[in-house]
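Data block below; observations after.
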Amino acid sequence: MGQASPLIMMVLMFGIFYFLLIRPQVKRQKEHQKLLERLDKGDMVVTRGGLVGKISGTSGSMLTIELQEKVRVRVMRSHVEGKFDPSSAETVQKAA
Numbered sequence: 550m551g552q553a554s555p556l557i558m559m560v561l562m563f564g565i566f567y568f569l570l571i572r573p574q575v576k577r578q579k580e581h582q583k584l585l586e587r588l589d590k591g592d593m594v595v596t597r598g599g600l601v602g603k604i605s606g607t608s609g610s611m612l613t614i615e616l617q618e619k620v621r622v623r624v625m626r627s628h629v630e631g632k633f634d635p636s637s638a639e640t641v642q643k644a645a
């Protein structure tokens, strides 16, 4: 019994580590991947670099984002952070 105690503690620590750190990260990655797959023309998005614009075209792993009228950039789909909500951005700007 005395020799099994450290092994049980290590298994218990790994279990806690898995449920507190690894599992939530994997869940976030899956949700982000689903979001990227659902992006379509007309969606407002923000990139990891902070660019905000409307998707004007899609081509496989590439997106064309219109930042302003006649200003378009091509970005990889994987570099989109998420959808952009203009109402929440205005709230943040007013608070600052």
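Numbering follows my numbering, in which position 38 of the sequence shown is assigned residue number 587; successive positions increment by one, without gaps. Beta carbons: idealized from backbone N, C-alpha and C, even for Gly. Keep in mind that this is a model prediction, so the values were computed, not measured.
Limits of the beta strand (DSSP E) - the one that residue i falls within
i           : result
residue 552 : Taken as a continuous stretch (DSSP letters only), residue 552 belongs to no beta strand (DSSP E), as it is neither H nor E.
residue 603 : 601-608
Rounded separation between residue i and residue j - CA only
i           : j           : result
residue 593 : residue 624 : 14 Å
residue 620 : residue 601 : 12 Å
residue 615 : residue 557 : 56 Å
residue 637 : residue 599 : 15 Å
residue 520 : residue 591 : Outside the modelled stretch of the chain, which goes from 550 to 645, sits residue 520, for which no answer is possible.
residue 585 : residue 562 : 34 Å
residue 578 : residue 560 : 25 Å
Own chain partners of residue i with C-beta closer than 8 Å, once the 5 adjacent residues on each side are dropped
i           : result
residue 612 : 588, 594, 604, 606, 623, 624, 625, 626, 629
Unbroken alpha helix (DSSP H) run spanning residue i, endpoints
i           : result
residue 615 : Unbroken run through residue 615 is the beta strand (DSSP E), 611-617; no alpha helix (DSSP H).
residue 647 : One cannot answer for residue 647 here, as it falls past the ends of the chain, which runs 550 to 645.
residue 576 : 572-587
Residues near residue i in its chain [Cβ-Cβ closer than 7 Å; skip 5 each side]
i           : result
residue 645 : Because residue 645 sits at a pLDDT of 48, beneath the cut-off of 50, its placement in the model cannot be relied upon, and the following sentence gives the value as read from the coordinates. Cβ neighbours of residue 645 beyond the five flanking positions: none.
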